[in-house]
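Counting from 1, one number per residue, gives the positions in the sequence shown under the working numbering. A short write-up of the structure that comes next.
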Amino acid sequence: LLDASRFVVFITGATSGFGEAAARRYAAAGGKVIATGRRWDRLVDLQIDLGAENCHIIALDVQDRAAIEAAIADLPPPFAGVNIVLANAGLALGLQPAAEADITDWETMIATNITGLTYTVRALLPGMIKRGGGHIVTLGSVAGDYPYPGGSVYGASKAFVKQFALNLRSDLQGKNVRVTNIEPGLTETEFSLVRFKGDEDKAAKPYAGTKAMNAEDIAETIFWSTTLPAHVNVNRLQVMATTQAFGPFDIYRE
Ligand code: NDP
Ligand code: 8X3
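Structure below.
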């Protein structure tokens, strides 16, 4: 396995859920973490927990390409040699049928999950190649593999992430840069609270009476995929709670 104390990990969406849990996991293994997100207070708390020598924080909205590029150009020496990118920042908004969905929700999901993710990867890739290699981990979803009612743009954005990750592998042939798309199912984070815009009752329903995965489960999966020997590349990894499986096709009847 690779020595995680040599990892320098750039994480988008480190203020909550998978991104925060991954920051803690990598730091616990001796890696250096660049934690980013919009909520500065949370980044400060994370840095206090992990120590400034292990965790560099940057307030960043992934929709802002200039801010991403500036942040990456300005990384202090111990954090400048990024060799793992965790392109994780993302969200679902709403669960209405397509014809009733809020178009601005669609715009935000596209701007974050698709455009922001491509900005992040594009900005970090040349340096990583120049330094001799690394690993890009993208956060897809089972929603990018299987359709579900109300999942229109969210699921499509995650299908984009999956195909983007696979296409990256083609372009990175011979460059020593691995690419992994992690595709989780039901996981209890702030994801549902964001999807239902702060409505705690609605947000709790997907997890009620069942055992979902938690952020640490996915952080461990991410971490594991990056510690595998350098000649091994996990292309895609679908991870579900044991309690989550598949339903029948929906047949319309008169
Ligand atoms: P959380 O809501 O707990 O965390 C989302 C993170 O994304 C936050 O840190 C948030 O930070 C960040 N984020 C959102 N918008 C932006 C933005 N414009 N710029 C920068 N950061 C942003 O959710 P999860 O941890 O569950 O989700 C992480 C990823 O995993 C997402 O891409 C999600 O789609 C995906 N996923 C989640 C699943 C689940 O069931 N939980 C399952 C499959 C995939 P801040 O608001 O501070 O900017
Ligand atoms: C998050 C999982 O099923 O709510 O990507 O879309 S789901």
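All C-beta atoms, glycine included, are put in the ideal place defined by N, C-alpha and C. Note that the structure is predicted; figures quoted are calculated from it, not measured.
- Query: In chain order, what residues of the same chain have a beta carbon less than 7 Å from the beta carbon of Asp250, not counting five sequence neighbours either side?
  - Reply: Cβ neighbours of Asp250 beyond the five flanking positions: none.
- What number of angstroms, rounded off, separates the C-alpha of Ser157 from the C-alpha of Gly13? About 17 Å.
- Limits of the unbroken beta strand (DSSP E) element including Leu237: Membership of Leu237 in the beta strand (DSSP E) is indicated by the continuous run 236 to 239.
- Message: Less than 8 Å between C-beta atoms, sequence neighbours within five positions excluded: which residues of the same chain meet that for Leu219?
- Response: A small correction: the amino acid at residue 219 is Ala; Leu does not occupy that position in the sequence shown. Excluding sequence neighbours, Ala219 sits near Phe18, Ala21, Ala22, Arg24, Arg25.
- Sequence ranges, beta strand (DSSP E) only - wholly within the segment 128 to 216, length at least 3: List check, beta strand (DSSP E) in window: 134 to 139, 177 to 184.
- Identify the residues that DSSP records as bridge partners of Phe10: which are they? Note: Phe10 sits in a beta bridge opposite Ile34, Val85.
- 7 Å Cβ cutoff met for Ala212 and Glu190: For Ala212 and Glu190, no; Cβs fall outside 7 Å.
- Residue list, Cβ distance to the ligand 8X3 heavy atoms smaller than 5 Å: In chain order, the residues positioned with their C-beta nearer than 5 Å to some heavy atom of the ligand 8X3 are Ser141, Ala143.
- Task: Would you please verify whether the beta carbon of Phe164 is less than 7 Å from any beta carbon of chain C?
- Result: Among the protein chains of the structure shown there is no chain C, as only one such chain exists.
- Query: Roughly how many whole angstroms lie between the Cα atoms of Ala80 and His56?
  - Reply: Cα to Cα, the separation comes out at about 10 Å.
- Message: Just verifying my parser: in three-state terms, what is the DSSP assignment at Ala92?
- Response: In the three-state reduction of the DSSP assignment, Ala92 falls in the coil class.
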